[in-house]
Amino acid sequence: MGKKLISVLTAATMAAALLMGCGGNNTAEKNTAKTTKEAKTINMVVPDGLPAVALSKFMTDTKKIDNVTINSSIEKTTEALSTAIMKGEPDVAVVPSNLAAQAYNKKVGYKILGTVGWGSMYLVSTDSAVKQLSDIKGKEVYSLGKGLTPDIAFKSVLKQNNIDADKDVNITYVSAASELPPVVIGGKAKLAVVPEPALTAVKAKKKDLNVICNLNDEWKKILDSDYGFPQSTLIVKESLLKNDKEFVNKLADSAKENVKWVNDNKDKVGAMSEKLGVTVKAVIVAKALEDANLDFVNIKDSEKVYTKYFEELNKYQPKIIGGKVPDAKIFTSQN
11 MGKKLISVLT AATMAAALLM GCGGNNTAEK NTAKTTKEAK TINMVVPDGL
61 PAVALSKFMT DTKKIDNVTI NSSIEKTTEA LSTAIMKGEP DVAVVPSNLA
111 AQAYNKKVGY KILGTVGWGS MYLVSTDSAV KQLSDIKGKE VYSLGKGLTP
161 DIAFKSVLKQ NNIDADKDVN ITYVSAASEL PPVVIGGKAK LAVVPEPALT
211 AVKAKKKDLN VICNLNDEWK KILDSDYGFP QSTLIVKESL LKNDKEFVNK
261 LADSAKENVK WVNDNKDKVG AMSEKLGVTV KAVIVAKALE DANLDFVNIK
311 DSEKVYTKYF EELNKYQPKI IGGKVPDAKI FTSQN
């Protein structure tokens, strides 16, 4: 009887051990499956020009954060970038700040994570009679983006300085920033609003060029901000933020570190950007970075700046931000 009981207990113990072993294997398999499931790839799109320069090291070196692989690409045209955003294609993107507002108001599913670059537009002149902003009254000024952010940014500065953009100056528009250097260098335009890095290209050829006004400095007064106005905005899909907030936070930290590296290593950025396919010529990148106002600022430190900026844009052209000033939920810090 005793031997039989021992045999039963032994069998029960062995069965339990086997069951525990199977359970352990199932747990391990589940953990492995979970890890595999969490590993993912996201797509990031950055526009050509200064935003691509700002994140050139990020796109070169940061292929992965934790278990998330990042596929980065450069979009050459504003139209293509806008189309991709409104379709909700990229998971992460750098866009003009007004496009971030449009996408949010149209419920595409993006939120603002931070700013990559601030205003980099300058009013310049080869007219010796123009010494300050008030001297442009009655003059012709070449600019770009009629009715869009560059235009509104310039007109807002004029208004703050008691200059009526419709009555006091004659604004002639070009369709792209690349069209400004030829008209200034060739002498056709004596006054123009020129962004970096086009400004550096003009300065190299036009020695009598004078910077009359730094529009970003003027916007610091308008917005009561140390930063100026947000020109290049980093946005992220709401779904990514909801499902992997830790990754999003690390993405912001990495972007900040990389923009800082670019500013601290201007002599190395040109070759890196050129290798990535950025159309800004390597030889002018280092000089252009001096006045490019590249600085990553997390949205938690600049919500008020964005709200005031959107309010200003809304005064001129509500359509440019999607019809209204976005509410606070556009900011990732509101989650």
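In this text, residue positions in the sequence shown follow the numbering used here: the first is 11, and each later residue adds one.
Note that beta-carbon positions come from the ideal geometry of N, C-alpha and C, so glycine has one too.
On a predicted model such as this, the values are computed, not experimentally measured, just so you know.
By the three-class DSSP mapping on this structure, what secondary structure does residue i have?
| i | result |
| --- | --- |
| Val140 | coil |
| Leu244 | strand |
| Gly34 | Here Gly34 scores only 44 on pLDDT, less than 50, and its place in the model should not be relied on; the value that follows carries that caveat. Helix, per DSSP. |
| Gly280 | helix |
| Ile75 | strand |
| Val56 | strand |
| Asn172 | coil |
| Asp337 | coil |
| Glu85 | strand |
| Leu233 | helix |
| Val194 | helix |
| Pro106 | strand |
| Asp305 | strand |
| Ala202 | strand |
| Glu189 | helix |
| Ser166 | helix |
| Thr289 | coil |
| Val134 | strand |
| Ser264 | helix |
| Lys40 | A caution first: Lys40 carries a pLDDT of 45, below 50, which makes its placement in the model too unreliable to give a value. |
| Lys121 | strand |
| Asn259 | helix |
| Val184 | strand |
Is residue i buried or exposed, if buried means 16 or more other CB atoms sit within 10 Å of its CB?
| i | result |
| --- | --- |
| Gln142 | exposed |
| Lys202 | Residue identity check: residue 202 is Ala in the sequence provided, not Lys. So Ala202 counts as buried. |
| Lys74 | exposed |
| Asn268 | buried |
| Asp161 | buried |
| Leu299 | buried |
| Asp277 | exposed |
| Ala303 | It is Asn, not Ala, that sits at residue 303 in the sequence shown. Its Cβ being crowded by 16 or more others within 10 Å, Asn303 is buried. |
| Val335 | buried |
| Asp311 | exposed |
| Asn308 | buried |
| Glu256 | exposed |
| Val167 | buried |
| Val151 | buried |
| Lys117 | exposed |
| Lys339 | exposed |
| Lys47 | Because Lys47 sits at a pLDDT of 48, beneath the cut-off of 50, its placement in the model cannot be relied upon, and the following sentence gives the value as read from the coordinates. The residue is exposed, with fewer than 16 neighbouring Cβ atoms inside 10 Å. |
| Ala211 | buried |
| Glu99 | exposed |
Going by alpha carbons, who is nearest to residue i out of the options?
| i | options | result |
| --- | --- | --- |
| Asp174 | Ser107, Gly148 and Val140 | Gly148 |
| Asp337 | Val118, Phe320, Ser135 and Lys325 | Phe320 |
| Asn220 | Leu123, Lys200 and Asp161 | Lys200 |
| Lys217 | Thr136, Thr289 and Lys278 | Thr136 |
| Ile195 | Ala208, Tyr183 and Leu233 | Ala208 |
| Lys97 | Asn180, Tyr114, Val293 and Lys230 | Tyr114 |
| Phe341 | Tyr326, Ala110 and Ala49 | Ala110 |
| Ile146 | Pro328, Val179 and Lys285 | Val179 |
| Leu65 | Glu248, Ala262, Ser153 and Asp76 | Ala262 |
| Met69 | Ile331, Met282, Trp229 and Asn108 | Met282 |
| Trp271 | Lys50, Ile232, Val140 and Lys67 | Lys67 |
| Lys156 | Glu206, Thr182 and Leu323 | Thr182 |
| Ala296 | Lys285, Gly280 and Glu284 | Gly280 |
| Ser343 | Ile232, Lys252, Lys116 and Val78 | Lys252 |
| Gly332 | Val184, Ala211, Ser138 and Gln112 | Gln112 |
| Pro192 | Glu228, Lys177, Ile330 and Ala214 | Ala214 |
| Phe232 | Leu244, Leu60 and Lys318 | This sequence places Ile at residue 232; Phe is not what is there. That would be Lys318, whose Cα lies nearest to the Cα of Ile232. |
| Leu91 | Ile80, Asn108 and Val78 | Asn108 |
| Ser144 | Gly124, Thr125, Ala163 and Lys169 | Lys169 |
| Ile228 | Ser188, Val184 and Asn171 | Checking the sequence, you will find Glu at residue 228 rather than Ile. For Glu228, the nearest C-alpha among the options comes from Asn171. |
| Asp236 | Val78, Ser82, Asn81 and Glu313 | Glu313 |
| Lys285 | Val78, Ser83 and Ile330 | Ser83 |
| Glu234 | Glu322, Lys177 and Asp301 | It is Asp, not Glu, that sits at residue 234 in the sequence shown. Comparing Cα positions, the closest option is Glu322. |
| Lys325 | Thr51, Lys165 and Lys198 | Lys165 |
| Ile330 | Val293, Lys177, Asp176 and Ala163 | Ala163 |
| Ile52 | Asp254, Glu189, Val140 and Lys198 | Asp254 |
Could you tell me how far apart the beta carbons of residue i and residue j are, in whole angstroms, since I believe they sit closer than 8 Å?
| i | j | result |
| --- | --- | --- |
| Phe306 | Ala265 | 5 Å |
| Lys121 | Val315 | Incorrect: roughly 16 Å between the Cβ atoms, too far for contact. |
| Val102 | Met54 | 4 Å |
| Val134 | Val204 | 5 Å |
| Ala186 | Leu154 | 7 Å |
| Gly119 | Ser242 | Incorrect: roughly 20 Å between the Cβ atoms, too far for contact. |
| Asp76 | Lys260 | 7 Å |
| Val56 | Ala62 | 5 Å |
| Gly59 | Leu244 | At roughly 15 Å, the Cβ-Cβ gap does not stay under 8 Å, so Gly59 and Leu244 are not in contact. |
| Thr72 | Ile80 | 6 Å |
| Asp274 | Glu206 | So it is not a contact: roughly 18 Å between Cβ atoms. |
Segment contact, 8 Å Cβ cut-off, at least three pairs: the stretch 213 to 230 with the stretch 79 to 87: Contact between the stretch 213 to 230 and the stretch 79 to 87 is not established, with fewer than three Cβ pairs separated by less than 8 Å.
Segment contact flag, the stretch 274 to 294 with the stretch 123 to 140, C-beta cutoff 8 Å, min 3 pairs: A contact is defined here as three or more CB-CB pairs under 8 Å, and the stretch 274 to 294 fails this definition with respect to the stretch 123 to 140.
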